[in-house]
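Participant: Here you go, one structure.
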Amino acid sequence: MKKSGFSATKKMLRKITPEIEAKFEDANRENAEMIVDLAKVLIPERSGASRAAIRNMPGPDGSQLIDFGPKAKVIEGDKAPRPFVNPALAATKKKRAVRSRKAIRDAIKAVK
């Protein structure tokens with residue numbers, strides 16, 4: 002197996018600035034918020050308590066953790082089709098991918 006471009010990639014990764022990291026964090030946050038918003042629309046609940054429990058929480062490294070609430074397992078079951086999680090993920094897949102690719106493309110342009 003031959004490695005190529007590893008040194009250049011390693012050099013570029015050392016040039017990542019806090020501004021670039023902030024762009025990645027923004028893209029991750031926007032992607033998570035989009036999933037949360039759609040899951041809140043799709044959840045089969047009348048009272049709104051489970052809907053209000055859906056939220057995303059930022060991680061210390063710029064990641065996002067989406068909490069679908071304490072009743073998500075009860076509503077969906079262990080091996081159920083996840084009626085509001087999977088459709089929310091599927092419906093936002095392309096837009097999330099585009100946003101992530103744009104953040105990566107902007108980071109590459111910034112460090113070149």
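Everything in the sequence shown is counted per our numbering, starting at 2 for the first residue and increasing by one.
Think of the CB as a built atom: it goes at the ideal place given N, C-alpha and C, for glycine as much as any other residue.
Just so it is clear, the structure is predicted and the values come from calculations on it, not from any experiment.
Out of curiosity, what's the CA-to-CA distance linking P61 and A89?
Facilitator: Approximately 25 Å between the Cα atoms of the pair.
Participant: What residues match up with I67 in a beta bridge as DSSP calls it?
Facilitator: Paired residues: N57.
Participant: Does DSSP put I109 in a helix, in a strand, or in coil?
Facilitator: In this structure, I109 counts as helix in the three-state DSSP scheme.
Participant: Would you mind stating whether F69 and V86 have Cβ atoms separated by less than 8 Å?
Facilitator: In contact: F69 and V86 (Cβ atoms closer than 8 Å).
Participant: If you run the structure through DSSP and keep just helix, strand and coil, what is A16?
Facilitator: It should be noted that the sequence gives Lys, not Ala, for residue 16. Reduced to three states, the DSSP call for K16 is coil.
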